[in-house]
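Chains as they are written, first to last, in the UniProt record's numbering: chain A, 1 to 525; chain B, 1 to 525.
Every residue, glycine too, gets a C-beta built ideally from N, C-alpha and C.
Have a look at the structure below before the remarks.
Number of protein chains: 2
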Amino acid sequence: MIQIYDTTLRDGSQRTDISFSIDDKLNIARRLDDLGVAFIEGGWPGSNPKDAEFFRRAVNMEWRHAKIAAFGMTCAAEKRADEDENIRALLEAQTPYCTVVGKSSLLHVHEVIRTTPQNNLRMIEESVAYLVQHGRGVIYDAEHFFDGYKEDPDYALATLEAALRGGAETLVLCDTNGGTLPWEVGEIVRAVRTRFPEAQLGIHAHNDGECAVANSLVAVREGCVQVQGTINGYGERCGNANLCSIIPDLELKMGLKALPEGHLVKLTDLSHYVAEVANLAPDEHLPYVGRAAFAHKGGIHVAAMRRTPRSYQHIDPELVGNRSRVVVSELSGRGNLLSKAEEYGLDLDKKFDIASALKDLKSMEAQGFSFEAAEASVVMMLRRRQPDYQPPFELIDFTASVEHRQGRGMIAEATVKVRVNGEVIHTAADGNGPVNALDRALRKALRPFYPEIDHFHLKDYKVRILDGNHGTMATTRVLIDTSNGVSQWSTVGASTNIIEASWFALADSIEYGIWELSRRQQHEG
Amino acid sequence: MIQIYDTTLRDGSQRTDISFSIDDKLNIARRLDDLGVAFIEGGWPGSNPKDAEFFRRAVNMEWRHAKIAAFGMTCAAEKRADEDENIRALLEAQTPYCTVVGKSSLLHVHEVIRTTPQNNLRMIEESVAYLVQHGRGVIYDAEHFFDGYKEDPDYALATLEAALRGGAETLVLCDTNGGTLPWEVGEIVRAVRTRFPEAQLGIHAHNDGECAVANSLVAVREGCVQVQGTINGYGERCGNANLCSIIPDLELKMGLKALPEGHLVKLTDLSHYVAEVANLAPDEHLPYVGRAAFAHKGGIHVAAMRRTPRSYQHIDPELVGNRSRVVVSELSGRGNLLSKAEEYGLDLDKKFDIASALKDLKSMEAQGFSFEAAEASVVMMLRRRQPDYQPPFELIDFTASVEHRQGRGMIAEATVKVRVNGEVIHTAADGNGPVNALDRALRKALRPFYPEIDHFHLKDYKVRILDGNHGTMATTRVLIDTSNGVSQWSTVGASTNIIEASWFALADSIEYGIWELSRRQQHEG
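Here it is as structure tokens:
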């Protein structure tokens, strides 16, 4: 069993655009425990009060699979371990494990912490020993180990020996600057194994040479039993080693166990969850867990996939909780549209002109719509071309306005005039922005006819400027995700006017929701 | 010298959200030639008329470093090479090189193209030979080579032999499904070298196991002299091998030449250029070329970097045309802010309260502002706290409205009331969206006082929804890049109201531009 050591909450949060609240961290930790990682590094209690508070709350919670670890440096050059605040903060975190980082590189000893090689060895041994004496399991992170080894192998090995003398349970070899190549990792791990055949080794890689995953796998092949990394590879600069790739590579390709039996299928959901909490758009192209990881666009690939799924997929996507997708786009053929209609239970009329629908779809894509992530808009587009189509409402007019008046702050207001079952409804609402006001006015107009729309919740609202180099004249694409508590759907709108783009996506979203519900009731009725 | 074979324009454009026009392709090809890659694969002339047109134009242009290659499949199972339309389209492309892809895997021979192993060998040999007879250099792409080799090494090797008999110049081993691990690549390339010691070999890797870069490097180490990949790793599913990482890994870490002398510094600009043309936000965390690749956020790293830059950087960023960045963010200290003021030539007053400025900055970040990419807004924030600060204009009121009236289409209009030098200007403008109308009204009001603003062009306008799960009530962050033809600056605004957020960024942008110009004139005067 390979130990997966997650440091999303500590090293991952060093990424320039990530800032987790304490609740965010606790929520992510719970999900990591549920996935079944061996260790969760929660933060650096000596560096900020937020992390200290995290540990106060975390240590009183129940953890099914993971052990919680607190991170900190060795004691300062001029202090004993028992008088160092950073070491004290580690103890106060009350975690079963502490991870202590120390210097392996003479460059850093001389130029960064400015002490003697001998004193650095003392700092390592004493810091580890002090925490072990207080009952903690200690993981020793050998910072810049590979660079240090290349400078001076004897000294780098001596720092590991100091950590072992202190009682460290695991020695983790860190490629802190992320520039080491896979065969260098292989050779150096082998040398460490030869020197310390009994020691338990780990690997901590960064992605600055774009080899973090390969470096981690090579290290495991050479005998490391712990892999440190982060969900989605989040981390400073170019990121940490991506556990969402490493875990399936280990389990599906190398035949090793890294998670409890049956837990690998949780990986895709977890990846998206962490992206959401980090407030980052999930990277669609991430291996294994990305939305596009098993997406097929070209007609030839799609045809081959129908013959045999193995032909253009390296694994079955369901093993990691993902799925294959056939993308509807300007490269699509009639088959893609027909299979989308089937998927959504839309019985197309015999005379349905699929070629003309495809032509319209492509011309809308040329205007800035994108249907790849907005299948409900594709379904509405097909639905509107059916001979029995009756729109649930028709737009006559809308307005949206924003006013900033000195001393009176901002006001956003919208009006909507729609026709429902022959009746004209004209109403208005305000909101905390023009799109919110429009959303509220439309719902107000439709509610008497379709009370179910009160259960439609906008889950996500995304705006993308398509040709940003046209400045404020650029085309705007709006994507809206809506849920009714049972199912979720996505719609799209595009225009140079962001209000109009939002209107298209909103109107599609509400119309789809009304249609989907009526269809479901018919089936059940 | 390693041959860099770029397939951004063909395999790269298979990415779900990329669609290049012919001009886009020609522009990118020119930049790739300027970088100095050995081959540019322009497209698949047999698959669509757009690619055929690309070659008609490309073959008449002058290329300094690169050879242009057209891509296509071997002839169909039931055809001779000389009667196959796809092969004919390759000839008609008139390129000096043709790249022919054929099947290496028995699974594909039996289940996808549904022919006999023997006929597949005929298709390969005949297709290559026919193009060679017509004076083309032929590169043979052995599709699914690694998977095919694992199924049946003898057959996979026999397909390479067929291509060699046909006269192929280079045999490229493709990991089409992207799931092969580095040591497997190493072993299989070694086996091919042993079998064909005289043949020139290449590698074409995909990133489905997140090992594409490592796989390419390992293949080079085992003797491949051609590396196929794409700029920024764009490509279907999880992408192709990323040339922006492979090239510097080869040159800076493995001591090999991949580009003409002195051209490596062009890499970062090229990466951003291709992202812009592809209409994708550049990935800030890309190794070597990402904006955050050498960004330092934590105080301890920043302090160590001041002592010795090597301490937390694996290479000197200037070697690839990138630079180090100290990030101003909620983790910043006073030092970060002071060095930013210096960088922008702002002489802070002796009594300047840096602690209070830092506090304001952090509280604005908590509201959704982000100053990491908007340094002009940081400078304006500091500037406004200087005792000699005189605002060039003061906002009194603004309004923006959008109307959609049946039969009359969309109207967007804005009004602005500002005070300049004691005078109140109240004016209005329309636009193709509310923000564009506001931009135009503000410029109209200020133009009589600051005619230089006519030279301020909005280069980019980006919108990000911060807490999308609040639906249309979410906080919106707007980033604006402005240029006056000499310098470029970026500003930020945030609000739940997108119009207000845009206003903040616009007003900062114009105020910064006016201030920067007057400061430059003072220095020159």
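Whole-number beta carbon distance between residue j and residue i, since they are thought to touch under 8 Å
{"i": "residue 89(B)", "j": "residue 52(B)", "result": "7 Å"}
{"i": "residue 529(B)", "j": "residue 68(B)", "result": "Outside the displayed span of chain B (1 to 525) sits residue 529(B), for which this structure offers no information."}
{"i": "residue 117(B)", "j": "residue 149(B)", "result": "Between residue 149(B) and residue 117(B) the Cβ distance is about 14 Å, and since that is not below 8 Å, they are no contact."}
{"i": "residue 549(B)", "j": "residue 174(B)", "result": "The shown model of chain B, from 1 to 525, leaves out residue 549(B), and the question about it has no answer."}
{"i": "residue 215(A)", "j": "residue 238(A)", "result": "About 13 Å; that fails the 8 Å criterion."}
Residue-level contact to chain B via CB, residue i, 8 Å cutoff
{"i": "residue 209(A)", "result": "yes"}
{"i": "residue 183(A)", "result": "yes"}
{"i": "residue 205(A)", "result": "no"}
{"i": "residue 330(A)", "result": "With a pLDDT of 49 at residue 330(A), under the threshold of 50, the modelled position of this residue cannot be trusted; read the value that follows with caution. Taking Cβ atoms only, chain B reaches closer than 8 Å to residue 330(A), which makes this a yes."}
{"i": "residue 435(A)", "result": "yes"}
{"i": "residue 108(A)", "result": "yes"}
{"i": "residue 14(A)", "result": "yes"}
{"i": "residue 439(A)", "result": "yes"}
{"i": "residue 71(A)", "result": "no"}
{"i": "residue 65(A)", "result": "no"}
{"i": "residue 2(A)", "result": "no"}
{"i": "residue 155(A)", "result": "no"}
{"i": "residue 500(A)", "result": "yes"}
{"i": "residue 294(A)", "result": "yes"}
{"i": "residue 97(A)", "result": "no"}
Rounded straight-line distance, which links the Cα of residue j to that of residue i
{"i": "residue 20(B)", "j": "residue 278(B)", "result": "7 Å"}
{"i": "residue 159(B)", "j": "residue 480(B)", "result": "54 Å"}
{"i": "residue 438(A)", "j": "residue 429(A)", "result": "7 Å"}
{"i": "residue 18(A)", "j": "residue 24(A)", "result": "11 Å"}
{"i": "residue 365(A)", "j": "residue 129(B)", "result": "41 Å"}
{"i": "residue 243(B)", "j": "residue 166(B)", "result": "29 Å"}
{"i": "residue 99(A)", "j": "residue 38(A)", "result": "14 Å"}
{"i": "residue 126(B)", "j": "residue 176(B)", "result": "23 Å"}
{"i": "residue 122(B)", "j": "residue 247(B)", "result": "36 Å"}
{"i": "residue 412(A)", "j": "residue 426(A)", "result": "18 Å"}
{"i": "residue 218(A)", "j": "residue 254(B)", "result": "18 Å"}
{"i": "residue 213(A)", "j": "residue 386(A)", "result": "50 Å"}
{"i": "residue 499(A)", "j": "residue 375(A)", "result": "21 Å"}
{"i": "residue 519(A)", "j": "residue 235(B)", "result": "38 Å"}
{"i": "residue 286(A)", "j": "residue 293(A)", "result": "6 Å"}
{"i": "residue 314(A)", "j": "residue 270(B)", "result": "31 Å"}
{"i": "residue 164(B)", "j": "residue 502(A)", "result": "57 Å"}
{"i": "residue 29(A)", "j": "residue 276(A)", "result": "14 Å"}
Any C-beta of chain A under 8 Å from that of residue i
{"i": "residue 285(B)", "result": "yes"}
{"i": "residue 238(B)", "result": "yes"}
{"i": "residue 178(B)", "result": "yes"}
{"i": "residue 54(B)", "result": "no"}
{"i": "residue 272(B)", "result": "no"}
{"i": "residue 229(B)", "result": "no"}
{"i": "residue 404(B)", "result": "yes"}
{"i": "residue 20(B)", "result": "no"}
{"i": "residue 193(B)", "result": "no"}
{"i": "residue 355(B)", "result": "no"}
Enclosing beta strand (DSSP E) for residue i [first to last residue]
{"i": "residue 140(A)", "result": "137-143"}
{"i": "residue 73(A)", "result": "67-73"}
{"i": "residue 173(A)", "result": "170-175"}
{"i": "residue 427(B)", "result": "423-431"}
{"i": "residue 492(B)", "result": "488-495"}
{"i": "residue 368(B)", "result": "Unbroken run through residue 368(B): none, as it is neither H nor E."}
{"i": "residue 410(A)", "result": "409-420"}
Start-to-end residues for the alpha helix (DSSP H) that takes in residue i
{"i": "residue 398(B)", "result": "Per DSSP, residue 398(B) belongs to no alpha helix (DSSP H); it is in the beta strand (DSSP E), 394-405."}
{"i": "residue 592(B)", "result": "Any answer about residue 592(B) is impossible in this case: the structure gives chain B only from 1 up to 525."}
{"i": "residue 465(A)", "result": "Here residue 465(A) belongs to no alpha helix (DSSP H); instead the beta strand (DSSP E) covers 457-465."}
{"i": "residue 277(B)", "result": "267-277"}
{"i": "residue 99(A)", "result": "Per DSSP, residue 99(A) belongs to no alpha helix (DSSP H); it is in the beta strand (DSSP E), 97-103."}
- Query: Going along the segment 241-255 of chain A in order, which residues come within less than 7 Å of chain B, judged by CB to CB distance?
  - Reply: Answer in chain order: 242, 245, 249, 253.
- Interfacial residues, the segment 445-466 of chain A to chain B, with Cβ spacing under 8 Å: Across the segment 445-466 of chain A, CB contacts with chain B closer than 8 Å involve 457, 458, 459, 460, 461, 462, 463, 464, 465, 466, in sequence order along the chain.
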